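If you read the sequence shown in the UniProt record's numbering, its first letter stands for residue 1, the second for the next number, and so on. Input: a single structure, listed below in structure tokens.
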Amino acid sequence: MRSLLVVHNHPTAAERLESAASRQQLPEAVMRAAGYTVATARGEEQARQRIAEADALILDLPIPDIEAWSRSVLDWKVVPILWWCSEATATLSVEACEDGVMADGVLSASMRPTDIHWTLQFGAKQCFERQQWHLERRQLLAKIEERKWIDMAKGILCEVKNITETEAYDILRKQAMNERKRLVDVATSIVNVYNLLQEQKQGRTKR
1 MRSLLVVHNH
11 PTAAERLESA
21 ASRQQLPEAV
31 MRAAGYTVAT
41 ARGEEQARQR
51 IAEADALILD
61 LPIPDIEAWS
71 RSVLDWKVVP
81 ILWWCSEATA
91 TLSVEACEDG
101 VMADGVLSAS
111 MRPTDIHWTL
121 QFGAKQCFER
131 QQWHLERRQL
141 LAKIEERKWI
151 DMAKGILCEV
161 KNITETEAYD
171 ILRKQAMNER
181 KRLVDVATSI
191 VNVYNLLQEQ
201 KQGRTKR
């Protein structure tokens, strides 16, 4: 991990450029002194353009801004996201200190190069584990959604054919095999057709 992107998005970042001492405390100065290649962005458009080359993202922002930025960044590229804790960003974050923060680590100007190195390494690990959790969650939700359609289709077959759930499942499975489709796709088709017929039946009744 050698290439970093620093995002500034608040007025205090510009204010800190006024003195040489303040410039040395900026994340890009600290990270370059630690041996990293650093690009900067001062808005979403610049960040989107420059994220492709970055191995990690450092957000020099107040904590309340982190969630929205993190969600946007993850649509562009999966990278470790670290919060730059400075006097400015910490002061602007006091009221949000109890919030859940979508960040993989915290960096500050007081850290030594070895501290920075290991923070970035552990941040990368945290990022990977977070992505794995999100992937597993999406897969679980997808399975729950599939089970819902299959259960509805079984219920319809049980009602229409006056059969047991086991028999209904066997019908679904055999139809899926014969049509070379996924079980959930067959179940969805059955539910949609049944609902359409019910709507047509109700329409005729109203007339």
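For glycine and all other residues, C-beta sits at the position ideal for the given N, C-alpha and C. Quantities reported herein were computed from a predicted structural model and do not represent experimental measurements.
Residues bridged to residue i (per DSSP)
i, result
"residue 211", "The structure shown does not extend to residue 211, since the chain spans only 1 to 207, so no value can be given for it."
"H8", "D60"
"S3", "T37"
Residue from the options whose Cα sits closest to the Cα of residue i
i, options, result
"I150", "R182, N178, M1", "R182"
"R2", "R48, H117, F128, Q132", "H117"
"K125", "L4, A34, Q198, A56", "A56"
"A54", "A88, A68, V73", "V73"
"M31", "M111, A88, R180, I156", "M111"
"K77", "I51, A88, A90", "I51"
"S86", "Q25, V6, V79, Q131", "Q25"
"I63", "I81, C158, T89", "T89"
"S108", "Q200, G35, E28", "E28"
"L59", "W83, E167, D170", "W83"
"G35", "A47, D115, S70, W69", "D115"
"Q49", "V6, F128, M102", "V6"
"R130", "Q46, I156, I81", "I81"
"H134", "E199, R71, N178", "R71"
"E145", "E199, Q198, A33, T188", "T188"
"A33", "A47, L4, W69, E45", "L4"
"F122", "A103, E179, Y169, M177", "A103"
Local Cβ density within 10 Å of residue i, reported as buried at 16 or more and exposed below that
i, result
"Y161", "Here residue 161 is Lys; the residue named in the question, Tyr, does not match the sequence. The residue is exposed, with fewer than 16 neighbouring Cβ atoms inside 10 Å."
"L61", "buried"
"T119", "buried"
"T164", "exposed"
"G105", "buried"
"I66", "buried"
"G43", "exposed"
"L196", "exposed"
"K201", "exposed"
"G203", "exposed"
"A142", "exposed"
"L140", "exposed"
"A68", "exposed"
Enclosing beta strand (DSSP E) for residue i [first to last residue]
i, result
"T37", "37-41"
"A56", "56-60"
Assumed close pair residue i, residue j - CB separation to whole angstroms, cut-off 8 Å
i, j, result
"H8", "T37", "17 Å between Cβ atoms; not a contact."
"M152", "V193", "With 8 Å as the limit, M152 and V193 do not qualify as a contact, their Cβ atoms being about 12 Å apart."
"Q175", "V186", "5 Å"
"K148", "L172", "Not quite, the Cβ-Cβ distance comes to about 14 Å (not below 8 Å), so this is no contact."
"C127", "V79", "7 Å"
Neighbour flag for residue i against chain C, beta carbons, 8 Å
i, result
"K161", "No chain C is part of this structure, which consists of one protein chain only."
Element boundaries [alpha helix (DSSP H), containing residue i]
i, result
"residue 210", "In the structure as shown, the chain starts at 1 and stops at 207, and residue 210 therefore has no counterpart that could be examined."
"L141", "113-161"
"Q25", "Looking at the DSSP string, Q25 is not in any alpha helix (DSSP H), and its letter there is neither H nor E."
"T91", "87-91"
"T164", "From DSSP, T164 is part of no alpha helix (DSSP H); its letter is neither H nor E."
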